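**Q**
Residue numbers (our numbering): 57 to 391.
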């Protein structure tokens, strides 16, 4: 479990071997040298030692989601301060802005008030976001400028606390939604994908050639959200069809009727295949493909092997899919 650090202690002992033991004891297992130097340069501005710099969490990584924060601090009023550390004087400011906007989304789920900053130690500039999500830069290269900055005024009065287990705050279910139970939140993008979901999705998005692919997602790992988010992304520039094994549920019918999604049940799909009346699609995803029969799989392969379509068999488990696709045809497995 990650414990909060005293930034002054780090800055004073950065050249000492003891700093490694201190960070290890806190659970900070990976921190780059340039980030340590950034902390040291930031701390040197706080010449008034009455301003304590305790209770900063360093390098917190959210569970199951590929998101990390350089520095976080919390107070009893459920406010949070986030400071990102950069070390290139010419670091792209648009990247700074996008990162802070991204951080705001993650932190808004766990805090009532959020203060976001990026410190570039080479240029001695503090960045923050305006209410319109524009980037505001403040030069803190002199003591006068630093003491007059919003950044200093906030940290000088921010009553930081040890919140103990950060994982208890950053629960994964705060960032995941069901495309079926929460259609509006899904369509508005009010969710995140876990690292595993992102890896599977990246595997799908990088498939540029037509062919047959199996996507195996262990049960309970958000197969539906990953699939529907992938379809939403692809549909911006491609024709995409989802084939559902069984009858469509109310949410699927709503997506099709009200939002123009192409979703059909397997029975209708196979009828179109048999009559050769299926329109051309760039991508076709067959959900719950572990329930397909060998006969259906063979029919699909025979139909699509001469067509420029990427056909994905998406399964909740790997074992059944492997058995169903174990034939003379070539399948590329993702996941």
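Note that the Cβ used here is the ideal one computed from N, Cα and C, for glycine as well.
Keep in mind the model is a prediction, meaning the values are calculated, not measured.
Among the candidates 297, 107, 298, 351, whose CA atom is the shortest distance from the CA of residue 207?
**A** Residue mapping note: residue 207 aligns to position 151 of the chain shown, counting from 1. Looking at the Cα atoms, 107 is the closest of the given residues.
**Q** In the DSSP assignment, find the unbroken beta strand (DSSP E) run with residue 259 in it and report its ends.
**A** For the purposes of this step, residue 259 is taken as residue 203 along the chain shown, with counting starting at 1. Premise fails: residue 259 lies in the alpha helix (DSSP H), 251–261, not in any beta strand (DSSP E).
**Q** Whole angstroms are fine: how far does the CA of residue 76 sit from the CA of residue 263?
**A** By one-based count along the chain shown, residue 263 stands at place 207. By one-based count along the chain shown, residue 76 stands at place 20. The C-alpha of residue 263 lies about 43 Å from the C-alpha of residue 76.
**Q** Using the Cα positions of residue 71 and residue 82, report the straight-line distance between them to the nearest angstrom.
**A** Translated into the one-based positions of the chain shown, residue 71 becomes position 15. Translated into the one-based positions of the chain shown, residue 82 becomes position 26. Looking at the two C-alpha atoms, the distance is approximately 18 Å.
**Q** Can you give me the C-alpha to C-alpha distance between residue 180 and residue 144, rounded to a whole angstrom?
**A** Counting from one through the chain shown, the residue named residue 180 turns up at place 124. Counting from one through the chain shown, the residue named residue 144 turns up at place 88. For residue 180 and residue 144, the distance between alpha carbons rounds to 10 Å.
**Q** Closest to residue 135 by C-alpha separation, out of 219, 63, 116, 328, would be which residue?
**A** For the purposes of this step, residue 135 is identified with residue 79 of the chain shown, where counting begins at 1. Looking at the Cα atoms, 219 is the closest of the given residues.
**Q** Which of helix, strand or coil does DSSP assign to residue 285?
**A** Working through the chain shown from its first residue, we reach residue 285 at position 229. Here residue 285 sits in helix by DSSP.
**Q** Alpha carbon to alpha carbon, how far is residue 175 from residue 117? Give it in angstroms, no decimals.
**A** Position 61 of the chain shown, counted from the start, is the residue given in the question as residue 117. Position 119 of the chain shown, counted from the start, is the residue given in the question as residue 175. Approximately 19 Å, taken between the alpha carbons.
**Q** Determine, using beta carbons only, whether residue 144 comes closer than 7 Å to chain E.
**A** No chain E appears in this structure, which consists of one protein chain only.
**Q** Sort 322, 325, 324, 298 by Cα distance to residue 312 and report the nearest one.
**A** Position 256 of the chain shown holds residue 312. In terms of CA proximity to residue 312, 298 leads the group 322, 325, 324, 298.
**Q** Determine which residues share a DSSP beta bridge with residue 371 and list them.
**A** Taking the first residue of the chain shown as 1, we reach residue 371 at position 315. Residue 371 is bridged to 272.
**Q** So what does DSSP say about residue 173, is it helix, strand or coil?
**A** Along the chain shown, read from residue 1 onward, the residue named residue 173 stands at position 117. In this structure, residue 173 counts as strand in the three-state DSSP scheme.
**Q** For the beta strand (DSSP E) containing residue 300, name the first residue and the last one.
**A** Residue 300 sits at position 244 when you count from the first residue of the chain shown. Here the beta strand (DSSP E) through residue 300 covers 296–300.
**Q** Answer with buried or exposed for residue 196, where buried requires no fewer than 16 other C-beta atoms within 10 angstroms of its C-beta.
**A** Looking up residue 196 in the chain shown gives position 140. With a threshold of 16 other beta carbon atoms within 10 Å, residue 196 meets it and is buried.
**Q** Taking the C-alpha atoms as reference points, what is the distance between residue 364 and residue 63?
**A** Within the chain shown, the letter at position 308 stands for residue 364. Within the chain shown, the letter at position 7 stands for residue 63. Distance between the alpha carbons of residue 364 and residue 63: 58 Å.
**Q** What residue range is occupied by the uninterrupted alpha helix (DSSP H) comprising residue 330?
**A** One-based indexing of the chain shown puts residue 330 at position 274. Start and end: 322–331.
**Q** In this structure, does DSSP put residue 141 in helix, strand or coil?
**A** Residue numbering aside, residue 141 sits at position 85 when the chain shown is read from its first letter. It is a strand residue.
**Q** Can you list the alpha helix (DSSP H) stretches of 4 or more residues lying completely in the stretch 333–360, in chain order?
**A** 350–360
**Q** When you compare each of 301, 332, 333 to residue 319 by their alpha carbons, which one comes out closest?
**A** As a first step, residue 319 is located in the chain shown; it is residue number 263 there, counting from the start. If we check each option's Cα against that of residue 319, 301 comes out closest.
**Q** Quick check on this structure: which residue in 124, 61, 103, 85 has the alpha carbon closest to the alpha carbon of residue 251?
**A** For this step, residue 251 is matched to residue 195 along the chain shown. Check the Cα spacing between residue 251 and each of 124, 61, 103, 85: the tightest is with 124.
**Q** At 4 residues or longer, and completely inside the stretch 188–239: list those alpha helix (DSSP H) runs for me, N to C.
**A** 199–203, 206–213
**Q** Report the three-state DSSP secondary structure of residue 114 (helix, strand or coil).
**A** Within the chain shown, the letter at position 58 stands for residue 114. The answer is strand: DSSP assigns residue 114 an E or B state.
**Q** Counting C-beta neighbours from all protein chains within 10 Å, is the total for residue 158 16 or more, i.e. buried, or is it exposed?
**A** As a position in the chain shown, residue 158 is number 102, starting the count at 1. Label assigned to residue 158: exposed.
**Q** Is it the case that the stretch 214–229 contacts the stretch 91–100, given that we only count it when at least three CB pairs across the two stretches are under 8 Å?
**A** no
**Q** Would you list the one or two residues that DSSP bridges to residue 125?
**A** Position 69 of the chain shown holds residue 125. Answer is 116, bridged to residue 125.
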